[in-house]
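Report on one structure; see the data block that follows.
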Amino acid sequence: MTTTMLTKKTDIPLTSIAGTLDRLVKAGYAARRSESIKGRIKYFYEPIFSEKEIAIKITNSILDRLVDAFGPLAIENFSKYSDKK
2 MTTTMLTKKT DIPLTSIAGT LDRLVKAGYA ARRSESIKGR IKYFYEPIFS EKEIAIKITN
62 SILDRLVDAF GPLAIENFSK YSDKK
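Right under this line is the structure:
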């Protein structure tokens, strides 16, 4: 998908989409390829990970930071939370 396609689909300004996609590429969450079409370079973007893979990656990162910051208290509260589910 291109930035122009996303702008038309979402009504979000092109500069916002381009900036966000650039950050996602630099962070390793999206891939970018370019093609020359009618003398103009177009960039195409696609996700690197599935939605499930991203959810796992983000939640693991959050949980790791909580355990690093709060240690046993965080683990105790995770246990209490999981009992509610």
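First residue of the sequence shown: 2, per this note's numbering; consecutive thereafter. Cβ coordinates follow ideal geometry from the N, Cα and C atoms, glycine included.
* **Distance between beta carbons of Ala31 and Glu47, contact taken as under 8 Å** => 7 Å
* Determine the DSSP secondary structure at Lys39, reduced to helix, strand or coil. => coil
* Asked: If we ignore side chains and look at the alpha-carbon of each, how far apart do Thr4 and Ser80 end up?
  -> 43 Å
* **Within the segment 47-79, ranges of the alpha helix (DSSP H) (whole runs, at least 4 residues)** => 52-71
* Any idea if Leu22 is buried or exposed, counting beta-carbon neighbours within 10 angstroms, 16 or more meaning buried? -> buried
* Asked: Under three-state DSSP, which class holds Tyr44?
  -> strand
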